[in-house]
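Chemist: Before we start, here is the structure in question, set down as C-alpha cells.
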Amino acid sequence: MKGIALLGASGSIGQNTLRVLELYRDRFKLIGVSVHMNVEMLFEIEKKFNPSIAVITSQKEPPGKLKAKVLKGVDGLIELAENPEVDIVVVATAGTIGVFPTIKALQCGKRVALANKETLVSFGPFVKKVWDETEGEIVPIDSEHSALFQLIEGRKKELDRLIITASGGPFRDWPKEKLENVTPEDALKHPTWRMGRKITVDSATLMNKGLEVIEAHYLFDISVDKIEVLIHPQSVIHGMLKLKDGAFLAHMSVPDMKIPILYSLTYPDRLPLPIVKPLDLIEYKKLEFYKPDYDKFPALRIAYESINEGGTVPAVMNGANEVAVHAFLDGRIKFTDIPRVIESVITSHKKGSGNTIEELVEADRWSREEATRIIENLYR
Ligand code: NDP
Ligand code: MG
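Here the numbering used here = 1-based position in the sequence shown + 77.
Following this line, the structure appears as C-alpha cells:
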C-alpha cells in the first residue's frame with residue numbers, strides 16, 4: 078500500500094489522478110490533497126477517499142466542517158509532502174508553488190510524480206542539485222516526458238537525440254497574419270488534449286513545447302541541441318529516441334493523461350487501465366510529422382534561447398509568459414503580444430547563475446513585475 082499526496086487535486090491532472098486512484102484502492106491510499114480556490118471540492122473528495130489532510134493554498138475557507146485536518150498555504154504543502162505516511166507526492170498544482178513540496182519530498186527520499194512544469198523550467202538548476210544529492214526520485218507525468226522516461230532507461234549511451242512531439246495546437250494551419258486576431262476562445266480549443274486554461278494557451282503559442290524542451294533537458298541530463306521538437310497533429314506518438322544507428326524507438330498511446338499518471342505511481346511496474354480505450358491504429362489511418370514553424374510561433378525559439386542562456390533566464394521567461402497568458406485570457410493583450418512581452422522582459426533581465434532557490438524566486442518575482450509593467454504600457 079502506497080500513501081499518496083495529491084497537490085492540485087481540483088485541476089485537470091488532479092481529477093484524472095483521482096480517477097486512477099479510484100481504480101486501485103487496494104494499492105494506493107490518498108493521505109492528503111491540496112486545492113486552491115475550489116474548496117468545495119474537498120467535500121466531494123472526502124466522501125470518496127477520506128484523506129486525513131486537506132491543504133488550502135488560497136485565502137478561502139471551507140464552507141463547512143471537514144473531517145480532514147486543514148493546513149494552509151505553501152507551508153501546508155510542505156508539511157503534507159514530509160508526512161511519514163506519504164510515499165509519493167503528485168505535484169499537479171499550477172504555477173511555481175510546486176517547487177517547494179517537490180524539494181521537501183526529494184529531501185525526504187520520496188518519489189515525486191511531477192506534472193507541474195514550472196518546478197523544472199524555473200528552478201531547474203536548484204532542483205537538479207537537490208535531486209542529485211538526495212535519495213528522492215522524480216517520475217514525470219507530462220506525457221512526452223513519461224514516454225521518453227520509459228524509452229530512455231538503459232539506452233543513454235545509444236542515443237543520438239530525443240524527439241518531443243507537439244500537436245501543433247489549434248493554429249497549426251492558420252496563416253501568420255491571422256494570429257494577430259486570435260481570441261481566447263479560439264486559443265482554448267485544443268485539437269487533441271483536454272487541459273487547464275493556461276497550458277492550453279501555451280499549447281497554442283507552442284510555449285508549452287518550449288517548456289517541455291527545458292524540462293527534458295533537466296530530467297534526462299541531455300544537452301539542448303540533442304532535443305528536437307516535431308509537430309505530430311494526431312498526438313499518438315508522444316516521444317521518440319533516435320539512436321546512433323539511425324533506428325527510432327517511439328512511445329504510442331491515445332492522448333489521455335491517465336496513462337502517464339498511473340505509470341508515475343506504479344513504475345517500475347505496469348498495471349492495466351481498463352477506463353481508457355486503447356489505441357486503435359486502424360482508426361487513425363495516417364500519422365503525420367512536420368517541422369515546427371519558428372517564425373509563426375516565436376515562443377518555441379525563445380524557449381530554446383532561454384535554456385541555452387541558462388541560469389535565471391528560463392525562470393524569467395516562464396514568469397513573463399504566465400503573466401502574458403493571463404493578460405491575453407483577460408482580453409488585455411493580443412495573442413501575438415505574448416512572445417513580444419516575454420522577449421522584452423528577457424532583454425532587460427540581468428542574468429544570474431540560478432544556483433540558489435532565493436535567486437530563482439527573485440528572478441521569477443522580478444519577471445512578473447516587469448511583464449505587468451510592460452503590459453500596462455502596451456496600449457496606453
Ligand atoms: P488546472 O488549471 O486544471 O489545475 C491547477 C491546479 O492547481 C488546481 O488544483 C488549482 O486549484 C491549483 N492551483 C491553481 N493556482 C494555484 C496556486 N497559486 N497555488 C496552488 N495551487 C494552485 O491545471 P492542469 O491540471 O492542467 O495542470 C497542472 C500542472 O500540470 C501545470 O503545471 C501544467 O503545466 C502541468 N501539466 C498539465 C497537463 C495536462 O494535461 N493538464 C499535462 C502536463 C503537464 P483550484 O482549481 O482549486 O483553484
Ligand atoms: Mg505535454
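Just so you know, even glycine gets a beta-carbon here, dropped at the ideal spot from N, CA and C.
None of the values given here were measured: they were computed from a predicted structure.
Can you tell me whether S220 sits near ligand 2, meaning its C-beta is under 7 Å from at least one heavy atom of the ligand?
Modeler: Answer for S220: yes, Cβ within range of ligand 2.
Chemist: Taking the CB atoms as reference points, tell me whether I291 and G245 lie closer together than 8 Å.
Modeler: No, Cβ-Cβ distance for I291 and G245 is not below 8 Å.
Chemist: Taking the continuous alpha helix (DSSP H) assigned at A376, which residues delimit it?
Modeler: Residues P375 to E386.
Chemist: In chain order, what are the residue ranges of uninterrupted alpha helix (DSSP H) at least 4 long that sit wholly in the region 321-352?
Modeler: Taking only runs of at least 4 residues, the alpha helix (DSSP H) segments lying wholly in the region 321-352 are 335-343.
Chemist: The alpha helix (DSSP H) with T179 in it runs from where to where?
Modeler: Counting along the chain, the alpha helix (DSSP H) containing T179 begins and ends at V176 to Q184.
Chemist: Which of the three DSSP states, helix, strand or coil, is assigned to H222?
Modeler: Residue state, collapsed to three classes: helix.
Chemist: Among L348, I229, I133 and I165, which one has its Cα closest to the Cα of G150?
Modeler: Comparing Cα-Cα distances from G150 to each of L348, I229, I133 and I165, the minimum goes to I133.
Chemist: One question on the structure: do P178 and I155 come within less than 8 Å of each other, judged by their Cβ atoms?
Modeler: Cβ atoms of P178 and I155: closer than 8 Å.
Chemist: Locate the alpha helix (DSSP H) running through E214, then write down its first and last residues.
Modeler: E214 -> not in any alpha helix (DSSP H); beta strand (DSSP E) instead, spanning E214 to P217.
Chemist: Would you grab the beta carbon distance between L119 and P139 for me? Rounded to a whole angstrom, and I think it's under 8 Å.
Modeler: With a Cβ gap of about 6 Å, L119 and P139 count as contacting.
Chemist: Can you name, in chain order, every residue of its own chain whose Cβ lies under 6 Å from the Cβ of F126, other than the five neighbours on each side?
Modeler: Same-chain partners within the cutoff: L107.
Chemist: Can you check which of these residues, D333, V331, S199 and K303, is closest to L458 by C-alpha distance?
Modeler: Here the chain covers residues 78 to 457 and nothing more, so residue 458 does not appear.
Chemist: Is E305 near ligand 2, judged by its Cβ being under 7 Å from some heavy atom?
Modeler: No - ligand 2 has no heavy atom lying nearer than 7 Å to the Cβ of E305.
Chemist: Helix, strand or coil for M317? Go by DSSP, reduced to three states.
Modeler: Of the three classes helix, strand and coil, the one that applies to M317 here is strand, per DSSP.
Chemist: Flag this pair as yes or no: are the beta carbons of M334 and V313 separated by less than 8 Å?
Modeler: No, these two residues do not count as a Cβ contact at 8 Å.
Chemist: Is any non-hydrogen atom of ligand 2 found closer than 7 Å to the C-beta of E289, if you look at the structure I gave you?
Modeler: E289 Cβ: within cutoff of ligand 2.
Chemist: I'd like the ranges of any alpha helix (DSSP H) spanning at least 4 consecutive residues and lying wholly in the region 231-265.
Modeler: 261-264, all fully within the region 231-265.
Chemist: Quick one: Cα of M78 to Cα of E447, how far?
Modeler: For M78 and E447, the distance between alpha carbons rounds to 47 Å.
Chemist: Would you check whether ligand 1 has a heavy atom nearer than 7 Å to the C-beta of K275?
Modeler: For ligand 1, at least one heavy atom lies less than 7 Å from the Cβ of K275.
Chemist: Along the chain, where does the beta strand (DSSP E) that runs through E305 open and close?
Modeler: From DSSP, the beta strand (DSSP E) with E305 extends over I304 to I308.
Chemist: By Cβ distance, which residues of its chain are closer than 8 Å to Q92, with the 5 residues on each side in sequence left out?
Modeler: Taken in chain order, the residues that qualify are A86.
Chemist: What separation, rounded to the nearest whole angstrom, lies between the Cα atoms of G80 and I165?
Modeler: Approximately 6 Å between the Cα atoms of the pair.
Chemist: What are the boundary residues of the beta strand (DSSP E) that includes K79?
Modeler: Segment K79 to L84, the beta strand (DSSP E) holding K79.
Chemist: Return helix, strand or coil for G431, following the three-state DSSP convention.
Modeler: G431 falls in the coil class under three-state DSSP.
Chemist: Return the residue from the list L339, E420 and P332 that minimises the CA-CA distance to P355.
Modeler: Checked all of L339, E420 and P332; the closest Cα to P355 is P332.
Chemist: For my contact list, V97 and I338 are in at a C-beta cut-off of 8 Å; report their separation, rounded to the angstrom.
Modeler: About 5 Å; that satisfies the 8 Å criterion.
Chemist: Less than 6 Å between C-beta atoms, sequence neighbours within five positions excluded: which residues of the same chain meet that for S280?
Modeler: If we look at S280 and ignore the five residues flanking it on each side, its Cβ neighbours are G246 and H267.
Chemist: So, using beta-carbon positions, are A324 and A392 closer together than 8 Å?
Modeler: No, they are not a contact pair.
Chemist: Would you check if the region 379-397 and the region 185-202 touch, i.e. whether three or more CB-CB distances between them fall below 8 Å?
Modeler: Yes: the two stretches touch, three or more of their Cβ pairs being nearer than 8 Å.
Chemist: Determine the contact status of L239 and I218, defining contact as a CB-CB distance below 8 Å.
Modeler: Result no, Cβ atoms of L239 and I218 do not sit closer than 8 Å.
Chemist: Quick one: give me the first and last residue of the beta strand (DSSP E) that I130 is part of.
Modeler: Segment I130 to I133, the beta strand (DSSP E) holding I130.
Chemist: Exposed or buried, which one is I40 when buried takes at least 16 other CB atoms within 10 Å?
Modeler: In the structure displayed, the chain extends from 78 to 457; residue 40 sits before or after that span and is not available.
Chemist: Between K149 and ligand 1, is the CB less than 7 Å from at least one heavy atom?
Modeler: No, ligand 1 has no heavy atom inside 7 Å of this Cβ.
Chemist: Give me, in chain order, the residues of the same chain whose beta-carbon lies closer than 8 Å to that of H294; leave out the 5 immediate sequence neighbours on both sides.
Modeler: These residues qualify, in order along the chain: G201, S300, V301, I304 and I384.
Chemist: Report yes if the C-beta of E195 is less than 7 Å from at least one heavy atom of ligand 1; otherwise report no.
Modeler: True, at least one ligand heavy atom lies under 7 Å from that Cβ.
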